[in-house]
Amino acid sequence: MSLFKSYVLPRLIQWLVVIFVGVTITFVIPRLMPTDPVEQTLRRVSSTTMTDPRAVEDLKNALKDMYGLQGTPVQQYLNFWSRVTRGDLGPSLGSFPTPVTTILKNALPWTVGLLLTTTLLSWLLGIFLGTLAGYYRTRAWSQVLDKVLIAIYPIPYAILALVLVIVFQYYLPIFPMVGGARGQPTFSFEYIRSVFMHSFLPALSLLIIGTAFRFIMAKALATTHLSSDYVVYAETAGLPKRKIIFGYVMANTLLPQVTDLGLSIGAMFEGALITEVIFSYPGIGYQLYTAILQADFNLILGVCLFSIVGIATAALVIDLLYPLLDPRVRYQ
Amino acid sequence: MRGKLSLVMAMMVVLSMMLSACQPVQAPPQVVEKVVTQIVEKEKIVTQEVPAPAPAKKIETQIPVNVPRDQVYVIDQIFRYSVVDNFNLWVPGGPPSPTRQGLVMDSLWYLDQETGEWINSLATEKPAYNADFTEMTVKLRPGVFWSDGVEFTADDVVYTVNTLMNNPGLNWSAELKLYVKEVSNPDKYTVVFKLNESNPRFAGYFTVRYNAVYIMPKHVAEKQADLKTWTNFPPVSLGAYVAAESDPNGYWELFKLRDDWQKATPGILTGKAGPEYILSIFYGANERKAIAMARHDLDLFMDIDYEAFNAIQSSTPTARSWFKDFPWAYPNELDDRWFGCNFTIPPYDNKDVRWALTLALNIVELQTEYIGGVTRLTQMPIPATTAIMKLYHQPMEQWFEDLAIDVGNGETFKPYDTEATKKIADWAAKQGYTVPTDPDGLRERFGMGTWKYAPDVAEKLLLKNDFKKDANGKWLLPDGSSWKISMIAAPDEVDVQRLAIGAQDQWKKFGIDVTVESLERDPYYNRQNLGDFVCTSSWNPLTVNADGDLWQGLNALHSRFFTPVGESTAGHGSNDILRFKSPELDAITDQMAKLTPDDPKVVQLGQDALKLIATNMFFIDTISFKKFITMDEYYWTGWPTSENAKRQPLYWFQGGRFSLPYVEPVKQ
Numbered sequence: 198m199s200l201f202k203s204y205v206l207p208r209l210i211q212w213l214v215v216i217f218v219g220v221t222i223t224f225v226i227p228r229l230m231p232t233d234p235v236e237q238t239l240r241r242v243s244s245t246t247m248t249d250p251r252a253v254e255d256l257k258n259a260l261k262d263m264y265g266l267q268g269t270p271v272q273q274y275l276n277f278w279s280r281v282t283r284g285d286l287g288p289s290l291g292s293f294p295t296p297v298t299t300i301l302k303n304a305l306p307w308t309v310g311l312l313l314t315t316t317l318l319s320w321l322l323g324i325f326l327g328t329l330a331g332y333y334r335t336r337a338w339s340q341v342l343d344k345v346l347i348a349i350y351p352i353p354y355a356i357l358a359l360v361l362v363i364v365f366q367y368y369l370p371i372f373p374m375v376g377g378a379r380g381q382p383t384f385s386f387e388y389i390r391s392v393f394m395h396s397f398l399p400a401l402s403l404l405i406i407g408t409a410f411r412f413i414m415a416k417a418l419a420t421t422h423l424s425s426d427y428v429v430y431a432e433t434a435g436l437p438k439r440k441i442i443f444g445y446v447m448a449n450t451l452l453p454q455v456t457d458l459g460l461s462i463g464a465m466f467e468g469a470l471i472t473e474v475i476f477s478y479p480g481i482g483y484q485l486y487t488a489i490l491q492a493d494f495n496l497i498l499g500v501c502l503f504s505i506v507g508i509a510t511a512a513l514v515i516d517l518l519y520p521l522l523d524p525r526v527r528y529q
Numbered sequence: 009m010r011g012k013l014s015l016v017m018a019m020m021v022v023l024s025m026m027l028s029a030c031q032p033v034q035a036p037p038q039v040v041e042k043v044v045t046q047i048v049e050k051e052k053i054v055t056q057e058v059p060a061p062a063p064a065k066k067i068e069t070q071i072p073v074n075v076p077r078d079q080v081y082v083i084d085q086i087f088r089y090s091v092v093d094n095f096n097l098w099v100p101g102g103p104p105s106p107t108r109q110g111l112v113m114d115s116l117w118y119l120d121q122e123t124g125e126w127i128n129s130l131a132t133e134k135p136a137y138n139a140d141f142t143e144m145t146v147k148l149r150p151g152v153f154w155s156d157g158v159e160f161t162a163d164d165v166v167y168t169v170n171t172l173m174n175n176p177g178l179n180w181s182a183e184l185k186l187y188v189k190e191v192s193n194p195d196k197y198t199v200v201f202k203l204n205e206s207n208p209r210f211a212g213y214f215t216v217r218y219n220a221v222y223i224m225p226k227h228v229a230e231k232q233a234d235l236k237t238w239t240n241f242p243p244v245s246l247g248a249y250v251a252a253e254s255d256p257n258g259y260w261e262l263f264k265l266r267d268d269w270q271k272a273t274p275g276i277l278t279g280k281a282g283p284e285y286i287l288s289i290f291y292g293a294n295e296r297k298a299i300a301m302a303r304h305d306l307d308l309f310m311d312i313d314y315e316a317f318n319a320i321q322s323s324t325p326t327a328r329s330w331f332k333d334f335p336w337a338y339p340n341e342l343d344d345r346w347f348g349c350n351f352t353i354p355p356y357d358n359k360d361v362r363w364a365l366t367l368a369l370n371i372v373e374l375q376t377e378y379i380g381g382v383t384r385l386t387q388m389p390i391p392a393t394t395a396i397m398k399l400y401h402q403p404m405e406q407w408f409e410d411l412a413i414d415v416g417n418g419e420t421f422k423p424y425d426t427e428a429t430k431k432i433a434d435w436a437a438k439q440g441y442t443v444p445t446d447p448d449g450l451r452e453r454f455g456m457g458t459w460k461y462a463p464d465v466a467e468k469l470l471l472k473n474d475f476k477k478d479a480n481g482k483w484l485l486p487d488g489s490s491w492k493i494s495m496i497a498a499p500d501e502v503d504v505q506r507l508a509i510g511a512q513d514q515w516k517k518f519g520i521d522v523t524v525e526s527l528e529r530d531p532y533y534n535r536q537n538l539g540d541f542v543c544t545s546s547w548n549p550l551t552v553n554a555d556g557d558l559w560q561g562l563n564a565l566h567s568r569f570f571t572p573v574g575e576s577t578a579g580h581g582s583n584d585i586l587r588f589k590s591p592e593l594d595a596i597t598d599q600m601a602k603l604t605p606d607d608p609k610v611v612q613l614g615q616d617a618l619k620l621i622a623t624n625m626f627f628i629d630t631i632s633f634k635k636f637i638t639m640d641e642y643y644w645t646g647w648p649t650s651e652n653a654k655r656q657p658l659y660w661f662q663g664g665r666f667s668l669p670y671v672e673p674v675k676q
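In order, the protein sequence lines correspond to chains A and B. 198 is the number of the first residue of the first sequence in the numbering used here; add one for each residue after it. 9 is the number of the first residue of the second sequence in the numbering used here; add one for each residue after it.
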């Protein structure tokens, strides 16, 4: 009970406060932009059809009403929280009348599927290879791996992604070019295969960059631990290499890596805009980008809500996991 | 940092080598002189020849639907849909309509954007007005059926009009409420509109340029509780196609030809069916469209930049645009490019200053060096399309030749350059292109004329207005401060951005400090509409219809809709983003408002308006729109081209409604 009061409860309160403040700021900021969703719609309408300037005022008022933008900002804010507690994020203003929840439901699985897989894989690969390369830093394979990944890491992500597109969609046109899958979702082998084929290149691009980054980090961390007394003592005592590498070195370098993993997973709700655009892959990043340009207040809030909750929750989970991973925190 | 850079460069070299190694063995790489890479050198776009990518291997198609490739015509969707499986096109700004409106919707009339031809669609003849234009009678076409087998009748039209009027917020609701006193159907195929006030252009709301009032299926819509949230999915179609399948993430939509396609107006009017399936698909940015076409996974796309088009010509021998040879691109979209400055900010309220800025521009150089010579010139705020030139540019040419401006000290100057197209042809010939030399050929490729490049005259105009030059040759405003111009541009409209960079270069050379602010499309529109800019590189100054009627465009510039800076012109229904007022222009607009669009006086008044606009140099017009609308004739042929210009190729305007039936499979 005292652990809960002294350690867990303050963090839970902090989690709630972060979400509340984050969402409130996200509610306010788009409304400070000079872009107005009603004006945006009026412009789109008048650019594609004959309109009469004398009728615009009527349409403007009707749109404000339809979009729920009548009333003061405070009233809109209270309405927003009242809707959120009912699980309703309102209609998208840029894609009216589609509910924001529908847009998120369509986009989020692709983002989560892609980013969760690539984040976990690159995290595991990066740490594994980085720790090994750090421990065996004088070996030829370690140096080759080191140079290759260090060479890849500075390449701008967009360039790397474009190279994959050109090689595997143009010169060797083996991968499909658009969307997340072929046809309608079913539990068939054909559909699952198509999901794999569509996601392969975006996943590969993220995996390469993510692994390179984590490799460099893990190798640097492992190298600093090699001269530690406990490693020298373990080697002197003749403990098996596997035990030293995975039981001691990797375990001791894991704390910052866990933080990185937690925050990366939390941040995946922001999406991967560049990946989505370059590979024409569905996801939440593009939705957020479009929403910002179109002043789609409701969709911005919807995406940010997930993102804020995701990051705050990840930070909370890391905080709660720390005592389990690090005895020093537990003792404090 | 230097080491890092070397490393990246080394990697890129390796990757390039890998790419070369990946080229198909059976198709050796070609070095084609037409592939151009854009680089920026001293703030000017120049071109550099690079080896063309080798053609892609022919492979099995990877379009995302299980339909035989020779049965499906694949069209570029232009953008990714954010509203999926929703065909309620009566909701403003909601479901998108670059293709689907032509495939499943219908209205009373259409105006072909290439020929200006009036097409009776759901109506059998043009609208009949009474003497004072307060009543419009429409005769409907018998034998048209909805895709569920119900006959289309006057009931549907009356229901649509009444429903829209009673549902504020829906498209056309406010306009119909403003004008319609009563709508009735004396018989099954006749509709009578009684109007609240005289309106000779009321039929315009039912005449499709891009969109118009689409007719609702009464037997379906009347069962809906809320028309604003009704998805109209699957839609009961009044076009030749029905919705078949779609991507939940908005990348593509598949449409299937109706079994009874002869009962929809495309089939009735053309007697042809067209492809069995239409797939509209969004592949993404230009390079992705180019790759898709090289894979023969895309048959038709809207537009692409000049460099990507050249790459396609190399990689896809079966692809082409409007012209078979230079300048390739479609020149007849009804829009043009221009520069303009905010009239609320001195000195841009001064006509002499606007003329000086115009004459300090070398528009021929802009058209050639910055745009690649692939479009027509226009000196007016309307494009030099084939149809519009006959109504305005050609009849007005003598007036432009005679136009003289006062440059001070009793001196005048004739600013119109009749030799401009010849200069472009000379430039093109030097690039190795074959170009016509006869006046008709020059006009077809490059338009008619533009404003002269006369920096010496521009200088006189400025000196006349107390501008001065400093020791470095930079211009100072009359108050002694240095003259700086900030120009906004939207880079995704490639020509707008390139023209902005060109103007920046040329005005800098003239002695004005110019910066270009590149903005995303929505913030760019927003800044323009709010008047939050000094100068803009823009388009659509004056909407013109394919029949030459300028009223709608002029009306949106009428000073009764003048919008103060800080308020959005969109919210006032105005297009006067520059914030000028012209009582003379208002008077012409008011006279035009009393005439039907096909009244010969409309064009005469239009010419008067254009003379007024030119004399005052409200807009610095440069070039017409061009579109590298490109078709791959590997699987399908028959899309309109310059040799087959019977219908508009701009499928996004009317969804390709009357062009698609002529598309036929290639016999291989």
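Backbone N, C-alpha and C define an ideal beta-carbon position, used for all residues, glycine too. Since the model is a prediction, treat every value here as computed from it, not as a measurement.
| field | Coil, strand or helix - residue 513 of chain A by DSSP | value | Within the first sequence, numbered from 1, the residue matching residue 513 of chain A stands at position 316. Helix at residue 513 of chain A.
| said: Can you tell me where the alpha helix (DSSP H) holding residue 260 of chain B begins and where it ends? | reply: As a first step, residue 260 of chain B must be located in the second sequence, where it is residue number 252. From DSSP, residue 260 of chain B is part of no alpha helix (DSSP H) but of the beta strand (DSSP E) over 260-265.
| message | I'd like to know if residue 598 of chain B contacts chain A, where contact means its C-beta is closer than 8 Å to some C-beta of that chain. | response | Along the second sequence, one-based indexing puts residue 598 of chain B at 590. No, residue 598 of chain B lies away from the interface with chain A (no Cβ there is under 8 Å from its Cβ).
| message | Against chain B, with Cβ distances strictly below 8 Å, would residue 412 of chain A count as a contact? | response | Position 215 of the first sequence, counted from the first residue, corresponds to residue 412 of chain A. With 8 Å as the cut-off, residue 412 of chain A does not count as an interface residue toward chain B.
| field | Under 7 Å (Cβ pairs) to chain B, residues found in the region 366-380 of chain A | value | 366, 367, 368, 369, 370, 373, 374, 375, 376, 377, 379, 380
| request: Could you check what DSSP says for residue 662 of chain B in three-state terms: helix, strand or coil? | output: To locate residue 662 of chain B, count along the second sequence from 1; it is residue 654. It is helical.
| field | residue 201 of chain B, enclosing beta strand (DSSP E) - first and last residue | value | By one-based count along the second sequence, residue 201 of chain B stands at place 193. First-last of the beta strand (DSSP E) with residue 201 of chain B: 198-203.
| Residue span of the beta strand (DSSP E) that contains residue 358 of chain B, given as start and end | Here the question's residue 358 of chain B lines up with position 350 in the second sequence. Where residue 358 of chain B is concerned, there is no enclosing beta strand (DSSP E), given that its DSSP letter is neither H nor E.
| said: My output table needs one value for residue 144 of chain B: the three-state DSSP class, helix, strand or coil. | reply: Working through the second sequence from its first residue, we reach residue 144 of chain B at position 136. Per DSSP, reduced to three states, the secondary structure at residue 144 of chain B is strand.
| query | Would the beta-carbon of residue 326 of chain B fall within 8 Å of that of residue 89 of chain B? | reply | Residue 326 of chain B sits at position 318 when you count from the first residue of the second sequence. Residue 89 of chain B sits at position 81 when you count from the first residue of the second sequence. Contact: no.
| Beta carbon proximity, residue 601 of chain B to chain A, threshold 8 Å | The count along the second sequence starts at 1 and reaches residue 601 of chain B at position 593. So no, residue 601 of chain B is outside the interface.
| query | Any Cβ of chain A within less than 8 Å of the Cβ of residue 670 of chain B? | reply | By 1-based counting over the second sequence, the position of residue 670 of chain B is 662. Not an interface residue.
| request: Rounded to whole angstroms, what's the CA-CA distance from residue 245 of chain A to residue 234 of chain A? Just pull it up for me. | output: Here residue 245 of chain A corresponds to residue number 48 of the first sequence, with the count starting at 1. Here residue 234 of chain A corresponds to residue number 37 of the first sequence, with the count starting at 1. Pairing residue 245 of chain A with residue 234 of chain A, the inter-Cα distance amounts to about 17 Å.
| task | Give the secondary structure of residue 584 of chain B by DSSP, where H, G and I count as helix, E and B as strand, and everything else as coil. | result | The count along the second sequence starts at 1 and reaches residue 584 of chain B at position 576. Here residue 584 of chain B sits in coil by DSSP.
| said: Can you tell me whether residue 635 of chain B is helix, strand or coil according to DSSP? | reply: Here residue 635 of chain B corresponds to residue number 627 of the second sequence, with the count starting at 1. Of the three classes helix, strand and coil, the one that applies to residue 635 of chain B here is strand, per DSSP.
| request: Measure the Cβ-Cβ separation of residue 362 of chain B and residue 273 of chain B and say whether it is below 8 Å. | output: Along the second sequence, read from residue 1 onward, the residue named residue 362 of chain B stands at position 354. Along the second sequence, read from residue 1 onward, the residue named residue 273 of chain B stands at position 265. Taking 8 Å as the Cβ cut-off, residue 362 of chain B and residue 273 of chain B do not qualify as a contacting pair.
| message | With DSSP as the reference, identify every bridge partner of residue 416 of chain B, one or two as the case may be. | response | Residue numbering aside, residue 416 of chain B sits at position 408 when the second sequence is read from its first letter. Answer is B:419.
| field | Cβ pair count under 8 Å reaching 3, the region 601-619 of chain B against the region 548-558 of chain B | value | Verdict: yes, contact present.
| query | Where residue 209 of chain A and residue 378 of chain B are concerned, what is the direct C-alpha to C-alpha distance, given to the nearest angstrom? | reply | Your numbering for residue 209 of chain A matches position 12 in the first sequence. Your numbering for residue 378 of chain B matches position 370 in the second sequence. If you take the alpha carbons of residue 209 of chain A and residue 378 of chain B, they lie about 59 Å apart.
| task | Could you tell me which chain B residues have their CB closer than 8 Å to the CB of residue 300 of chain A, listed as they occur along the chain? | result | Here residue 300 of chain A refers to the residue found at position 103 when the first sequence is read from its first residue. Those are 90, listed as they occur along chain B.
| Any C-beta of chain A sitting closer than 8 Å to the C-beta of residue 559 of chain B? | The residue given as residue 559 of chain B occupies position 551 in the second sequence. The beta carbon of residue 559 of chain B does not come within 8 Å of any beta carbon belonging to chain A, so the residue lies off that interface.
| task | Starting from residue 253 of chain A, find everything on chain B with Cβ-Cβ shorter than 9 Å and list it in chain order. | result | Start at 1 with the first residue of the first sequence, and residue 253 of chain A comes out as number 56. By Cβ distance, chain B contributes 182, 569, 578, 579, 580, 581, 582.
| task | Answer yes if the region 112-125 of chain B comes into contact with the region 643-662 of chain B, meaning at least three C-beta pairs across the two stretches below 8 Å, and no otherwise. | result | yes
| residue 477 of chain A CB to nearest chain B CB: under 8 Å? | Residue mapping note: residue 477 of chain A aligns to position 280 of the first sequence, counting from 1. For residue 477 of chain A, the answer is yes, since a Cβ of chain B falls inside 8 Å of its Cβ.
| task | Determine whether the Cβ of residue 299 of chain B lies closer than 8 Å to any Cβ atom of chain A. | result | To locate residue 299 of chain B, count along the second sequence from 1; it is residue 291. Yes - at least one Cβ of chain A is within 8 Å of the one on residue 299 of chain B.
| request: Determine, using beta carbons only, whether residue 203 of chain B and residue 188 of chain B come nearer to each other than 8 Å. | output: In the second sequence, the residue the question calls residue 203 of chain B occupies position 195. In the second sequence, the residue the question calls residue 188 of chain B occupies position 180. Contact: yes.
| query | DSSP three-state call for residue 112 of chain B: helix, strand or coil? | reply | Position 104 of the second sequence, counted from the first residue, corresponds to residue 112 of chain B. Correct three-state label for residue 112 of chain B: helix.
| request: State the DSSP-derived secondary structure class of residue 26 of chain B, mapped to helix, strand or coil. | output: In the second sequence, residue 26 of chain B corresponds to position 18, counting from 1. With a pLDDT of 39 at residue 26 of chain B, under the threshold of 50, the modelled position of that residue is not reliable, and the figure given next carries that caveat. The answer is helix: DSSP assigns residue 26 of chain B an H, G or I state.
| said: Does residue 303 of chain A pass the burial test, meaning 16 or more other C-beta atoms within 10 Å, or should it be called exposed? | reply: Numbered from its first residue, the first sequence carries residue 303 of chain A at position 106. The residue is buried, with at least 16 neighbouring Cβ atoms inside 10 Å.
| Contact residues within the region 444-476 of chain A, judged by C-beta distance below 9 Å to chain B | 474, 475, 476
| field | Closest by C-alpha distance to residue 671 of chain B, when choosing among B:506, B:259, B:278 | value | Locating residue 671 of chain B in the second sequence gives position 663, where the first residue counts as 1. Of the candidates B:506, B:259, B:278, the one whose C-alpha sits nearest the C-alpha of residue 671 of chain B is B:278.
| task | Establish whether the CB of residue 250 of chain A and some CB of chain B are separated by less than 8 Å. | result | Working through the first sequence from its first residue, we reach residue 250 of chain A at position 53. It does; some Cβ of chain B falls within 8 Å.
| field | In DSSP terms, what residue 649 of chain B is bridged to | value | What you label residue 649 of chain B is simply residue 641 of the second sequence in a count that begins at 1. Beta-bridge pairing links residue 649 of chain B to B:652.
| query | Shorter than 8 Å from the beta carbon of residue 228 of chain B to some beta carbon of chain A? | reply | Residue 228 of chain B sits at position 220 when you count from the first residue of the second sequence. Closer than 8 Å: no.
| query | Helix, strand or coil: which one does DSSP assign to residue 394 of chain A? | reply | To locate residue 394 of chain A, count along the first sequence from 1; it is residue 197. The answer is helix: DSSP assigns residue 394 of chain A an H, G or I state.
| Quick one: which chain B residues come within Cβ less than 9 Å of residue 237 of chain A? | Position 40 of the first sequence, counted from the first residue, corresponds to residue 237 of chain A. The contacting residues are 101, 530, 533, 534, 578.
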